[in-house]
Amino acid sequence: MSQAMMQMVKQHRGCDDQLSRCEAALQKSDLASAGRNFRLFSEELEAHFKLEEEKLFPAFEKATGMSAGPTVVMRSEHAEIRSLRDEAYAAIEAKQTDQALAGIDTLNVLIQQHNIKEENVLYPMCGGSIPDLEAVLGMGSACGGACSCG
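Just so we're aligned, residue 168 is where the sequence shown starts under our numbering, counting upward by one.
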């Protein structure tokens, strides 16, 4: 797997870790910490999705000519993940711990299934088909590709 794709996998793990911190805080009834950790998770998730949706997916579609392929599925799953994220956050904000934990559990399952598809199917395809992938994703820049500076 290319260096850029390994960075994308690393972003997956960072989001997973942040979501786990939120869940642990909820289990301790520490709603303030849960809220902070969930906001950080949400920011990391959005930055990752933005990188995929604005840079990786268009580059893959251009390189392969597949505009109705795996990226359509990934975008659809991103929308579903965002919706579940918003529901879980609303439960945290409403101090509904059990509902928030249930939402995070569902969110975590969906994210893990999504990540497996990206890491085992899409990312290897991207690494093999997109020329200058690191440059396309801005992986050499200070933001790690999360903005338009790279």
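Here a beta-carbon is modelled for each residue, glycine too, at the ideal position from N, C-alpha and C.
- Annotation for Met168: Tyr290, Pro291 and Gly294 place their beta carbon closer than 7 Å to its own, counting only its chain and skipping 5 residues before and after.
- Comparing C-alpha distances from Ala230 to each of Leu274, Gly305 and Asp299 shows the shortest one belongs to Asp299.
- Its chain contains Gln178 as the residues whose beta carbon lies nearer than 6 Å to that of His215, once the 5 sequence neighbours on both sides are disregarded; these appear in chain order.
- Ile259: member of the alpha helix (DSSP H) spanning Pro237 to Glu260, first to last residue.
- By the 16-neighbour rule on beta-carbons within 10 angstroms, Arg242 is exposed.
- Closest by C-alpha distance to Asp197, out of Asp265, Glu213 and Glu228, is Asp265.
- Pro291 carries a helical assignment under DSSP once its states are collapsed to helix, strand and coil.
- Per the C-alpha coordinates, the member of Gly181, Cys182, Arg180 and Asn204 positioned closest to Ala191 is Asn204.
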